Amino acid sequence: AISLGDVVVFAGGSALVAHRLVHRSGRYLVTQGDGRREPDRWLQPTQLVGQVDKAWLDSRVIWPGRGEKVLRWRWIGRAYVLAAVRHMRRLLPGRNQGERA
């Protein structure tokens, strides 16, 4: 079973994309790359190709590291904070009229 914080793989255009699962909403999943400010478009579970368990480089496991279990919650929290900031910015006066805040 896939849990929040897991890194999942899905088809993104002509390439495979590995991003972290940061939210579930009914029948949809929301992923976000660790280095990105915006989440990806919502996915249906059927769009997932797989789940990343380990990443290797030169015969060494480079991911997950020792602190991955703690870091996964940091990334989920970051995604929610960024979503809240985006929502608050939309509520600012003048944002709907094309003015800069």
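Taken in order, the sequence shown gives residues 1343 to 1443; the numbers are from my numbering. Positions of the beta carbon are idealized from the N, C-alpha and C atoms, including for glycine. Note that the structure is a prediction, hence the values are computed from the model and not measured.
Taking only the alpha-carbon atoms, compute the straight-line gap between residue i and residue j and give it to the nearest angstrom.
i, j, result
"R1416", "R1431", "22 Å"
"W1384", "R1408", "30 Å"
"D1395", "H1429", "33 Å"
"L1434", "A1426", "13 Å"
"Q1389", "L1346", "16 Å"
Run through DSSP, which three-state label would residue i get?
i, result
"A1421", "helix"
"R1369", "coil"
"V1394", "coil"
"A1343", "coil"
"L1434", "coil"
What residues in its chain sit with their C-beta under 6 Å from that of residue i, if we drop five residues either side in the sequence?
i, result
"I1404", "A1397"
"A1421", "V1364, Q1374"
Going by the CB atoms, is the gap between residue j and residue i shorter than 9 Å?
i, j, result
"R1366", "V1350", "no"
"A1353", "V1391", "yes"
"I1418", "V1359", "no"
"R1414", "D1348", "yes"
Identify, in the order they occur along the chain, each residue of the same chain with its Cβ nearer than 8 Å to the Cβ of residue i, setting aside the five sequence neighbours on each side.
i, result
"R1379", "L1424"
"D1393", "Strictly speaking, residue 1393 in this sequence is Gln, with Asp absent from that position. Around Q1393: I1344, D1348, V1349, V1350, V1351."
So who's on the other strand from residue i, going by DSSP bridges?
i, result
"H1361", "V1350"
"L1399", "R1402"
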